[in-house]
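*Asks:* There's a structure below that I have some questions on.
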Amino acid sequence: MTRGFKIENPKIPSDLERANFQNIHYEEEPYLSNCIITNENIDNEEIDKVVLSKVIFKNVTFINASFKKIDMTDVIFENCDLSNASLSEGIIHRVAFKDCKLLGVDFSEGSLGNVSFENCMANLSNFAEARLKQVRYDNSSLKSANYYDCKLNKVEFYKSDINDVDFTQTLLKGIDISTCTFDRLNVALESINGCEVSPEQAIGFATLLGLKVKR
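Quick note: the sequence shown, position 181, residue 924 per the numbering used here, numbers continuous.
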C-alpha cells in the first residue's frame, strides 16, 4: 500500500547508556535522556511535567502511572504496558509505540506529531480534544477509543480495529479508514465528508442515510 505521507522516526543514537527510571527522582527536574530502560516496573508512579529525550523503553510497565503534561521527543516504547496511564496534555513528538498494551491510556488534550502505533492494543484509549498530525495506527486495536473533538491532520488508520470508536465533533476529511474493520462508529454524517473508505464501508454509510443499496 502506498502511504500518503511520511512519518519521521525517532532519532536515537546507537550508544545509549543503560539506566533505571527511578534515577529521575535524583534529578533537579524530572528529566531523562540518551538512555535505554528495560524490564522495569513503573506502575502507579505519579510525576507531572516529565521530560524524555532520546529514550528507549523495552518490556517496561507503566500501569496506572500518571505523567500529566509529559514532554517526549525521540522515544520508543517496545513491548510495554501503559494500561490506564495518564499522558494527558502531553507533547509527544517522534515517538513510536511497538507491540504495546495501551488499554485506557489517556492522551486527552495532547499534541501528537510524527507518532506511530504498531501492533498495539489501545482499546478504550482517550484522545479527546487532542491534536494529531502525522500519526499512523498500524495493525492495532482501538475498539471504543475516544476521539471526541480532535484535530486530525495526516492521520491514517491502517488495518486496525476501530469498532465503536467515538469521532463525535471530529472532522474525518482526508482520513483513510479504508483498510480498517468496524461494525459501527459514533460519528456525525457531516463529519465523514472527504473520509477515505472502502466500497463495502461506503455501503454501510449509505444505509445511515436511509438509502437502500441494491446488489
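We treat Cβ as the ideally placed atom computed from N, Cα and C, and that holds for glycine.
Where does the unbroken beta strand (DSSP E) through leucine 775 begin, and where does it stop?
*Replies:* That run of the beta strand (DSSP E) goes 774-781.
*Asks:* Of the choices Thr781, Gly833, Glu760, whose alpha-carbon is the least far from that of cysteine 823?
*Replies:* Here the closest residue by C-alpha is Thr781.
*Asks:* Thinking C-alpha only, which one of Asp849, Lys844, Gln877 is nearest cysteine 863?
*Replies:* When only C-alpha atoms are compared, the closest one is Lys844.
*Asks:* Who are serine 884's beta bridge partners in DSSP?
*Replies:* According to DSSP, which records beta bridges pairwise, serine 884 is partnered with Met864, Asp904.
*Asks:* State the beta-bridge partners of leucine 855 as determined by DSSP.
*Replies:* Note: leucine 855 sits in a beta bridge opposite Ile835, Leu875.
*Asks:* Between valine 794 and the rest of its own chain, which residues show a CB-CB distance below 6 Å, the 5 nearest in sequence each way excluded?
*Replies:* Excluding sequence neighbours, valine 794 sits near Tyr774, Asp814.
*Asks:* Does leucine 846 come out as helix, strand or coil in the three-state DSSP assignment?
*Replies:* Correct three-state label for leucine 846: coil.
*Asks:* Closer than 7 Å by C-beta to threonine 745: which residues in its own chain qualify, once you throw out the five before and the five after it? Chain order, please.
*Replies:* Any answer about threonine 745 is weak, because its pLDDT of 43 lies below 50 and its placement is not dependable; what the coordinates show is given next. Closer than 7 Å at Cβ, skipping near neighbours: no residue.
*Asks:* Name the DSSP bridge partner or partners of phenylalanine 910?
*Replies:* Answer by DSSP bridge pairing: none, since phenylalanine 910 is not bridged.
*Asks:* Which one or two residues does DSSP pair with asparagine 752 in a beta bridge?
*Replies:* According to DSSP, asparagine 752 bridges with nothing at all.
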